[in-house]
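Participant: Pasting a structure here, questions to come.
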Amino acid sequence: MHYNCLIIDDEEPLAESTAEYFNIFGVSAAAVFDAEGCRRFLGENSADIILLDINLDKTSGFDLCRELRTKTQVPILFISARQSDDDILLALGIGGDDYIRKPYTLSVLLAKVKAVLKRCAPKEETRYQCGELEVDFLAGRAYKCKKPLKLKAMEYKLLAYLVRNRGRVIHKEELFSQVWGDVITGDGTLNVHIRRLREQIEEDPNHPVYIRTVWGTGYLFEEMQP
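This is the structure:
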């Protein structure tokens, strides 16, 4: 799944309460408590921003930041009770984007995170075209060979989400949450909508080239190679 924020902090009650607070105010967040938890999380999920404590159980937050910077350039905000200028300079020097001292006020931390998310948000596409498929996000319409597709509202919403997130595997739970707005939508409903989309956009719906199934996980929208 995709989250706005990942919190990495060995103070489990604080990490969990911070994540819960963020979720209440519209910033999807998850918490892990050590470096290994972070690795497992990012192996299965993604995040727009990382809040990272320095004092972790077995691995320093500094070391974990260095490791993360070999794999991702998402903003990393250090959160720590350590107050020395040397710690702050080191955190910023190895790839941290900010340093927030504990104890922090949840409302202020949330405001900082929202500001970073807004600043780093990619500009939304207005139109997508690949091969014979075209999606006009402003008009809320999709076309194949320049002819408008007869999509129901939820079918278009699903297609638009898949296209905007092309190139990555999207878990079924993410589609339930982000397209349908809940987490109790069944696999049957999703499968029906995927089949209907394939019947309209694929040359051969039984051998799809756009919407690929990742068995046991979800779906991947792939761009056709020229």
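If you use this note's numbering, the sequence shown corresponds to residues 30 to 255, in order. Note that beta-carbon positions come from the ideal geometry of N, C-alpha and C, so glycine has one too. The structure displayed is predicted, hence computed values, not measured ones.
Going by DSSP in three states, Lys173 sits in which element: helix, strand or coil?
Facilitator: Start at 1 with the first residue of the sequence shown, and residue 173 comes out as number 144. Reduced to three states, the DSSP call for Lys173 is strand.
Participant: Whole angstroms is fine: what's the gap from Cys34's alpha carbon to Arg224's?
Facilitator: The residue labelled residue 34 in the question sits at position 5 within the sequence shown. The residue labelled residue 224 in the question sits at position 195 within the sequence shown. Looking at the two C-alpha atoms, the distance is approximately 33 Å.
Participant: Smallest Cα separation from Glu252: which of Val208, Lys201, His236 and Val192?
Facilitator: Numbered from 1 along the sequence shown, position 223 holds the residue referred to as residue 252. Answer by Cα proximity: Val192.
Participant: Closer than 8 Å is the cut-off here; do at least three beta carbon pairs connect the segment 172-185 with the segment 77-90?
Facilitator: Flag = no, the segment 172-185 and the segment 77-90 do not touch.
Participant: Does the segment 187-206 come into contact with the segment 234-246, if we say contact requires no fewer than three beta-carbon pairs (one atom in each stretch) closer than 8 Å?
Facilitator: Yes: at least three Cβ pairs fall under 8 Å.
Participant: Whole angstroms are fine: how far does the CA of Gly125 sit from the CA of Arg170?
Facilitator: Here the question's residue 170 lines up with position 141 in the sequence shown. Here the question's residue 125 lines up with position 96 in the sequence shown. C-alpha separation (whole angstroms): 41 Å.
Participant: Give the straight-line distance between the Cα atoms of Thr101 and Asn84, rounded to the nearest whole angstrom.
Facilitator: Taking the first residue of the sequence shown as 1, we reach residue 101 at position 72. Taking the first residue of the sequence shown as 1, we reach residue 84 at position 55. Approximately 21 Å, taken between the alpha carbons.
Participant: What did DSSP end up calling Gln229 once you bin it into helix, strand or coil?
Facilitator: Taking the sequence shown and counting its residues from 1, one reaches residue 229 at position 200. In this structure, Gln229 counts as helix in the three-state DSSP scheme.
Participant: Quick one: using the 10 Å Cβ neighbour count with 16 as the cut-off for buried, is Phe107 buried or exposed?
Facilitator: Walking along the sequence shown from the start, residue 107 turns up at place 78. Under this definition Phe107 is a buried residue.
Participant: Below 8 Å, can you find three or more Cβ-Cβ pairs linking the segment 36-45 to the segment 53-60?
Facilitator: A contact exists between the segment 36-45 and the segment 53-60.
Participant: Residue range of the beta strand (DSSP E) that Ser75 falls in?
Facilitator: In the sequence shown, residue 75 corresponds to position 46, counting from 1. It spans Ser75 to Asp82 - the beta strand (DSSP E) in which Ser75 sits, taken as one unbroken run.
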